[in-house]
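Q: Using UniProt numbering, you'd call the opening residue of the sequence shown number 1 and step up by one each time. From the three backbone atoms N, C-alpha and C, an ideal C-beta is built for every residue, glycine too. These numbers come from a predicted model, not from an experiment.
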Amino acid sequence: MLKTTEQEALHSYDEEVPKYHIVHNDKVKNSWGEKKAYRIHLYGTSKNLIPDDFYVNPAKSWARTQIAVSKRKESEFLSIANYAMYDRKSPVMQILL
């Protein structure tokens, strides 16, 4: 099922159980006639030990999820820093969860 918003795409992840994800496109086929897909295997995941109401959370919204997959358009902003240490109240990039 196609996810169109970040809220729809949220996935609860149990760090204790190793797993992988497959992302595929129903409209594109590979050379064998199967759906074109990518397998994403997460190695070395870690638990988030900081409580959700901790004061630095707005600056580290990226840390609340183990995986984020998106398709970037050339017109979209590209973030080079994943931690806005000095701008926690209004970070450059906010991942909505």
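Per DSSP, residue 40 forms a beta bridge with which residues?
A: DSSP output for residue 40 lists 21 as bridge partner(s).
Q: Taking the C-alpha atoms as reference points, what is the distance between residue 34 and residue 54?
A: Computed Cα separation, rounded: 45 Å.
Q: Give the DSSP-derived three-state secondary structure of residue 60 in the structure shown.
A: Helix, per DSSP.
Q: Can you have a look at residue 52 and say buried or exposed, based on whether 16 or more other CB atoms are within 10 angstroms of its CB?
A: Flag for residue 52 reads exposed.
Q: So, at 7 Å on beta carbons, what are the nonlocal neighbours of residue 24 in its own chain, with the 5 sequence-adjacent residues on each side left out?
A: Correct list, in chain order: 35, 36 and 37.
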